[in-house]
Amino acid sequence: MEKLIKEDMENLFNVGVGNQFDYVGFYKGEKGNYLIDRTDGQTYTDDFLAENTTEAIEILFEKVEEMIDEAQRWLLKRYSELDRENPYESREEELREELQDKLKVVVITALYRLQYKNLKSIITEEQELQLAELKYNRLVKKYRLKEEVDLHK
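Residue numbers 610 to 762, in my numbering, belong to the letters of the sequence shown in order.
1) In the DSSP assignment, the alpha helix (DSSP H) including ILE732 goes from what residue to what residue?
2) Quick check: what's the CA-CA separation for LYS711 versus LEU738?
3) Would a C-beta distance cut-off of 8 Å place LEU728 and VAL749 closer than the cut-off?
4) Who are the near neighbours of LEU704 in its chain, counting only those whose CB is closer than 7 Å to its CB and skipping five residues on each side?
5) Just the C-alpha distance for GLY638 and ASN661, rounded to the nearest angstrom, thanks.
6) Leaving out the 5 sequence neighbours to the left and right, which residues in its chain are closer than 8 Å to GLU674 when beta-carbon positions are compared?
7) Please state whether DSSP places ASN746 in a helix, a strand or coil.
8) Quick one, which of LYS640, GLU667, LEU754 has its alpha-carbon nearest ALA741's?
9) Taking its Cβ as the centre, do 16 or more other Cβ atoms sit within 10 Å of LEU669, making it buried, or is it exposed?
10) Verify whether the separation of the beta carbon atoms of LEU743 and ILE717 is less than 8 Å.
11) Going straight from the alpha carbon of GLU694 to that of LYS713, what length do you get?
12) Quick check: what's the CA-CA separation for LEU708 versus THR663?
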């Protein structure tokens, strides 16, 4: 992929969990399909020109999965620290439930933004939409959210 600096973002499609500075995105520009990666916490303007839409979809879903996993690792670490800080308080069950709720919010937030209706606004080819749908369904299955998120709503 070719590294680019891009100021004007037309057709922006963001997927973020956490805050506005930690997200991945995809948009079409005059030279092709651009992928935005803001997950390293250091860059803000580096965008990448994908070889084609298929490559952009593949990388978008990889980055979303990495972002979800990273958020989950951070939450697990944070709740372990809270548990260690207060070993004599019997909040273990409460902390576990709170952690599970937050993990679920992270996943639902990311997957909600990857729904079919959102992808369809930027991906035009049927074959590319099918690839995105396969990738999406794999993440839904991995994070056990089939009942929570409906792709075609």
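No residue lacks a Cβ here, since even glycine has one placed at the ideal position from N, Cα and C. Note that the coordinates shown come from a computational prediction; the quantities given were computed from them, not determined experimentally.
Reading it off the structure:
1) Here the question's residue 732 lines up with position 123 in the sequence shown. Looking at the DSSP string, ILE732 is not in any alpha helix (DSSP H), and its letter there is neither H nor E.
2) On the sequence shown, residue 711 is found 102 positions in, with the first residue counted as 1. On the sequence shown, residue 738 is found 129 positions in, with the first residue counted as 1. Distance between the alpha carbons of LYS711 and LEU738: 30 Å.
3) For the purposes of this step, residue 728 is taken as residue 119 along the sequence shown, with counting starting at 1. For the purposes of this step, residue 749 is taken as residue 140 along the sequence shown, with counting starting at 1. Cβ distance not < 8 Å, so LEU728 and VAL749 don't count as in contact.
4) On the sequence shown, position 95 is the one that residue 704 refers to. The beta carbon of LEU704 sits closer than 7 Å to the beta carbons of TYR688, LEU691, ASP692 from its chain, once the five residues preceding and following it are set aside; these are given in chain order.
5) Locating residue 638 in the sequence shown gives position 29, where the first residue counts as 1. Locating residue 661 in the sequence shown gives position 52, where the first residue counts as 1. CA-CA distance, GLY638 to ASN661, rounds to 12 Å.
6) For this step, residue 674 is matched to residue 65 along the sequence shown. These residues qualify, in order along the chain: LEU748, LYS751.
7) As a working mapping, residue 746 is identified with position 137 in the sequence shown. Here ASN746 sits in helix by DSSP.
8) As a first step, residue 741 is located in the sequence shown; it is residue number 132 there, counting from the start. When only C-alpha atoms are compared, the closest one is GLU667.
9) Taking the first residue of the sequence shown as 1, we reach residue 669 at position 60. Residue environment for LEU669: buried (at least 16 other C-beta atoms within 10 angstroms of its C-beta).
10) Sequence index remark: in the sequence shown, residue 743 carries index 134 (1-based). Sequence index remark: in the sequence shown, residue 717 carries index 108 (1-based). Contact annotation: LEU743 and ILE717 have beta-carbon atoms that are not nearer than 8 Å.
11) In the sequence shown, counting from the first residue as 1, residue 694 sits at position 85. In the sequence shown, counting from the first residue as 1, residue 713 sits at position 104. Computed Cα separation, rounded: 24 Å.
12) As a working mapping, residue 708 is identified with position 99 in the sequence shown. As a working mapping, residue 663 is identified with position 54 in the sequence shown. So the two alpha carbons sit approximately 35 Å from each other.
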